[in-house]
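Working notes for the structure below.
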Amino acid sequence: MNKKLLFLLLCATQFMFSQSDIIGTLKTEIVQKRELAFALHIPKNTKEKKPLIVFLHGSGEKGTDIEKVKAHGPFKYLKNHEIDAYVLAPQCPENEYWNEEVLYRLILKIQKENNIDSNRIYLTGLSMGAWGAWNLVVAHPETFAALVPIAGYVDRIPMIENCKIAAIPTRIFHGLLDDVVNVDYSIAMYKKLKTCNTNVTLTIFDDANHDSWSRVYDNQDIYDWMFKQTKNRQDEN
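Read in order, the letters of the sequence shown correspond to residues -20 to -1, 1 to 217 in mature numbering (1 follows the signal peptide of the UniProt record, and there is no 0).
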């Protein structure tokens, strides 16, 4: 073999065997600035601590027109009725989805600035808002005394970590004829929760399509039920 070629082969072999892996760490901080508009109903008597209802709207109410958040849910009910509680309705920006950490910080802000009973904070939402509610309650289960998701789909994490909310009374509603969000999402989550939560019910309206929320939010019964629930007494139905 040519001596020059042999020398080059030996050098290449030595180079290949001299390679090594490098293991390192990176410390960094990523800061995101988020803005969230909201509507807040304040009850007549604020001298005493009052409950807080957090309502998350669906995809149709995204944007910058805050009046949209009053089209459905508790704010719609407030047009003709009274609710003796604070009612918070944030508005999801266009081209975004509910972010549970941003929502959590908003709730902390509202608590700090108002006379709210921290043992009586209730979370509810419809469609995309129900999806947001599932994610928020699993991320911060210590915050809420009751959960009411309506016509919502469910991510993998709430499905897996459902027992994090075993102590939270939950009322799930869905329309059997829903052609936007399949009722199977609510059925699956109900079955999951039943294994560890003794205070969970599922109501399926046989004649309802995607709008299964109007008959829930337009009825005093759901508010009466929520107001009975507290984090210190979550065994009541």
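Glycine residues also receive a C-beta, built at the ideal position from the N, C-alpha and C atoms.
Keep in mind it's a predicted model, so treat the numbers as computed, not measured.
Other residues of its chain near residue i: CB distance less than 6 Å, five sequence neighbours each side excluded
i: I33; result: P54, A65, V67 and Y102
i: M169; result: V134
i: L20; result: L68
i: R14; result: V82
i: K48; result: E41
Which listed residue (the options) has its alpha carbon closest to that of residue i
i: A113; options: I96, N99 and I137; result: I137
i: F35; options: Y57, H154, E141 and K172; result: Y57
i: F153; options: G109, A147 and E141; result: G109
i: E76; options: T8, D45, K211 and S39; result: S39
i: N177; options: D204, E141 and D191; result: E141
i: W111; options: A126, G132, N99 and V128; result: G132
i: D204; options: L6, P31, H52 and T8; result: P31
i: N79; options: H37, D97, M206 and I2; result: H37
i: V180; options: A146, T8, Y84 and K50; result: A146
Spatial neighbours of residue i in its chain, beta-carbon cut-off 7 Å, leaving aside the 5 residues before and after
i: K144; result: V118 and P121
i: F18; result: L68, A69, P70, Q71 and L86
Where residue i falls, given that 16 or more other Cβ within 10 Å makes a residue buried
i: N199; result: exposed
i: E41; result: buried
i: R151; result: buried
i: I202; result: buried
i: T123; result: buried
i: I3; result: exposed
Beta-carbon proximity list for residue i, same chain, < 8 Å, skipping 5 on both sides
i: E28; result: N95
i: L156; result: V163, I184, F185, D186, D187 and A188
Residue i and residue j closer than 8 Å at C-beta
i: L88; j: P70; result: no
i: T107; j: V196; result: Note on identity: in this sequence residue 107 is Ser, with Thr being the wrong assignment. Not a contact, by the Cβ cut-off of 8 Å.
i: residue 250; j: E74; result: No information on residue 250 is available, as it lies outside the stretch -20 to 217 that the chain covers here.
i: Q209; j: P149; result: yes
i: D159; j: S192; result: no
i: L182; j: S166; result: yes
i: residue 234; j: N99; result: Residue 234 lies beyond the stretch modelled for the chain, which goes from -20 to 217, so this question has no answer here.
With a threshold of 8 Å, are at least 3 pairs of Cβ atoms found where one atom belongs to the segment 56 to 65 and the other to the segment 22 to 41? Using a Cβ-Cβ distance cut-off of 8 Å, the segment 56 to 65 and the segment 22 to 41 are in contact, since at least three pairs of beta carbons, one from each stretch, lie closer than that value.
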